[in-house]
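Student: Residues in the sequence shown are numbered consecutively from 7, following this note's numbering.
Glycine residues also receive a C-beta, built at the ideal position from the N, C-alpha and C atoms.
One structure follows; several queries about it will come next.
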Amino acid sequence: DFLLIGDIHKFMKTLASEFGGADVIYSQFRTAKLRKDKLTIDVAHARKERYPRPGALPDVWPAYDIADDLSRRDFTINAMAINLLNFDVVDLFGGLSDLQNGIIRVLYVGSFRDDPTRAFRAIRYRHRFGFRYDQTTEEELKSAFAWVRDVSFGRIRNELKRMAQEDKRAEMFIEVSDYKILLWMKADPEHIVRIDNKLEGRSPKHWVAFFAAFVFRSDFDWERLPLTRWEYNVMRQIKTGLGLKASTLSEIHKVFRRFDEISVKVISAIRGGIFEDYEHRRVNAKTHLKGEDLIKMGVPQGPLIGKIIELLEIQRLTGNIQTVEDEIEFVQNMLKTAD
Numbered sequence: 007d008f009l010l011i012g013d014i015h016k017f018m019k020t021l022a023s024e025f026g027g028a029d030v031i032y033s034q035f036r037t038a039k040l041r042k043d044k045l046t047i048d049v050a051h052a053r054k055e056r057y058p059r060p061g062a063l064p065d066v067w068p069a070y071d072i073a074d075d076l077s078r079r080d081f082t083i084n085a086m087a088i089n090l091l092n093f094d095v096v097d098l099f100g101g102l103s104d105l106q107n108g109i110i111r112v113l114y115v116g117s118f119r120d121d122p123t124r125a126f127r128a129i130r131y132r133h134r135f136g137f138r139y140d141q142t143t144e145e146e147l148k149s150a151f152a153w154v155r156d157v158s159f160g161r162i163r164n165e166l167k168r169m170a171q172e173d174k175r176a177e178m179f180i181e182v183s184d185y186k187i188l189l190w191m192k193a194d195p196e197h198i199v200r201i202d203n204k205l206e207g208r209s210p211k212h213w214v215a216f217f218a219a220f221v222f223r224s225d226f227d228w229e230r231l232p233l234t235r236w237e238y239n240v241m242r243q244i245k246t247g248l249g250l251k252a253s254t255l256s257e258i259h260k261v262f263r264r265f266d267e268i269s270v271k272v273i274s275a276i277r278g279g280i281f282e283d284y285e286h287r288r289v290n291a292k293t294h295l296k297g298e299d300l301i302k303m304g305v306p307q308g309p310l311i312g313k314i315i316e317l318l319e320i321q322r323l324t325g326n327i328q329t330v331e332d333e334i335e336f337v338q339n340m341l342k343t344a345d
């Protein structure tokens, strides 16, 4: 990232020409991004800012002193710069010392009131780098829950997506619960750990799995949130699964057969027992025979095809049939019985 004091449009135009032409994207916050092939360069004009109210995006205007720009940063370790003319480190707030000593320190009291998403970032940095909070930052975290409700859910979701991609995301979400900064909700730490263990890889989509661990332990009205269709469907599936009264694998499968894998894993992590058994067996439920195969075998087109596929899935799920030959025999026996 580069910080500029001067005409950012003129600078970016010159920079783009140096690269033989490149795409430049400008934002409302006086930043610009240059892209050329696989290269990305971020440039920001030095800025001052003022938060009109807690949790709101800041009003931004140009600054012509680097001190003004650095003083608006979240933590001291992020409030440093290097002068490209002499390569001196510009460190006005002791960030280098905090970096060396592993300390996360806000620049001023009330930092999390101005931007409550800084609370999520503090937790993320702490666990990613193995750092600790100074006393002021610790106090900021204790009161952050009161301000997070003023932040748009879109910004909160972005922080949760970033957290979901971290190696130590379970520890992070547990601390989010401890400080109640996710809209005052708490989650069961064991559920968070179990969800983390079940989800493969690190994907931003996984945020919804951890979010569910908070939501369905409270009476929070999540359905009013601006979720995507996929996010909404996953949440609805998890809600259904957590409330389902079922005692057999077949009963579960009749409800879960179209569920997203993430939904099934969250339900398994929270409920355990037969639901966890179902999760482990579910991979075996996929049939070899498809609808067109059944038609060739003499099954009439219509809803019966879907019903037979479902029955085959249940037979595979319970281990009664395992091979394509077993499936063919099962269908043939059904047809004979129907005759």
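1. Could you give the distance in angstroms between the alpha-carbon of threonine 143 and the alpha-carbon of serine 149?
2. Rounded to a whole number of angstroms, what is the C-alpha to C-alpha distance between asparagine 92 and aspartate 13?
3. By DSSP, does proline 64 sit in helix, in strand, or in coil?
4. Assign glutamate 303 to one of three DSSP states: helix, strand, or coil.
5. Pick out whichever of Val272, Glu285, Asp202 has its Cα sitting closest to the Cα of arginine 263.
6. What residue range is occupied by the uninterrupted alpha helix (DSSP H) comprising phenylalanine 126?
7. Determine contact between the region 295 to 304 and the region 273 to 283, defined as no fewer than three beta-carbon pairs at a distance below 8 Å.
8. How far does the alpha helix (DSSP H) with glutamate 115 in it reach, from first residue to last?
9. To the nearest angstrom, report how far apart glutamine 338 and glycine 325 are at their CA atoms.
10. What does DSSP give as the partner residues of phenylalanine 81 in its beta bridges?
11. Counting C-beta neighbours from all protein chains within 10 Å, is the total for threonine 123 16 or more, i.e. buried, or is it exposed?
12. Can you tell me where the beta strand (DSSP E) with glutamate 55 in it begins and where it stops?
13. Return helix, strand or coil for tyrosine 284, following the three-state DSSP convention.
14. From glycine 208 to leucine 188, what distance separates their C-alpha atoms?
15. Compute the distance between the beta-carbons of aspartate 74 and alanine 52, then report whether it is under 8 Å.
16. For isoleucine 11, name the three-state secondary structure that DSSP assigns.
17. Would you identify the three-state DSSP class for lysine 296, choosing helix, strand or coil?
18. For alanine 38, write down the residues that DSSP places opposite it in a beta bridge.
19. For arginine 138, which residues does DSSP report across the bridge?
20. Round the Cβ separation of phenylalanine 226 and leucine 166 to the nearest angstrom and send it over; I've been treating them as touching at under 8 Å.
21. For leucine 255, I'd like the list of residues in its chain whose CB is within less than 8 Å of its CB, leaving aside the five on either flank, ordered along the chain.
22. Tell me leucine 346's beta-bridge partners as DSSP assigns them.
23. DSSP on valine 240, reduced to helix/strand/coil?
24. The beta strand (DSSP E) spanning isoleucine 88 covers which residue range?
25. Answer with buried or exposed for histidine 15, where buried requires no fewer than 16 other C-beta atoms within 10 angstroms of its C-beta.
26. Let me know the secondary structure DSSP gives valine 157 once reduced to three states.
27. Can you name the residues that DSSP bridges to aspartate 227?
28. Identify which residue in Val214, Phe118, Phe35 has its Cα closest to the Cα of arginine 235.
29. Is the beta carbon of isoleucine 273 sitting closer than 8 Å to the one on glycine 312?
Tutor: A quick look at the data gives this:
1. Cα to Cα, threonine 143 sits roughly 10 Å from serine 149.
2. C-alpha separation (whole angstroms): 22 Å.
3. Note: proline 64 maps to coil in three-state DSSP.
4. Here residue 303 turns out to be methionine, not glutamate, going by the sequence shown. Note: methionine 303 maps to coil in three-state DSSP.
5. Of the listed residues, the one whose Cα sits closest to arginine 263 is Glu285.
6. Where phenylalanine 126 is concerned, the enclosing alpha helix (DSSP H) stretches over 123 to 135.
7. In short, these stretches do not touch, since the Cβ pair count stays below three.
8. Looking at the sequence shown, residue 115 is not glutamate but valine. Run containing valine 115: none; DSSP gives neither H nor E here.
9. C-alpha separation (whole angstroms): 19 Å.
10. Answer is Val112.
11. Counting Cβ neighbours within 10 Å, threonine 123 comes out buried, since at least 16 surround it.
12. Per DSSP, glutamate 55 belongs to the beta strand (DSSP E) from 53 to 56.
13. DSSP, read as helix, strand or coil, puts tyrosine 284 in helix.
14. Looking at the sequence shown, residue 208 is not glycine but arginine. In a straight line, the C-alpha of arginine 208 is about 20 Å away from that of leucine 188.
15. It is a contact, given that the beta carbons lie within the stated cut-off.
16. Shown here, isoleucine 11 sits in coil according to DSSP, grouped into three states, outside any helix or strand.
17. Lysine 296 sits in coil when the DSSP states are folded into three classes, being neither helix nor strand.
18. For alanine 38, which the question treats as bridged, DSSP gives the partners Tyr32, Val49.
19. Beta-bridge pairing links arginine 138 to Ile109.
20. So it is not a contact: roughly 14 Å between Cβ atoms.
21. Excluding residues within five positions, the ones whose Cβ falls inside 8 Å are Ile280, Asp283, Tyr284, Arg287, Ile320, Leu323, Thr324.
22. Beyond the ends of the chain as shown, which are 7 and 345, falls residue 346; an answer cannot be given.
23. Three-state result, valine 240: helix.
24. First-last of the beta strand (DSSP E) with isoleucine 88: 86 to 88.
25. That one is exposed.
26. Note: valine 157 maps to coil in three-state DSSP.
27. Looking at the DSSP output, aspartate 227 bridges to nothing.
28. Shortest Cα-Cα distance from arginine 235 to any of Val214, Phe118, Phe35 involves Val214.
29. No.
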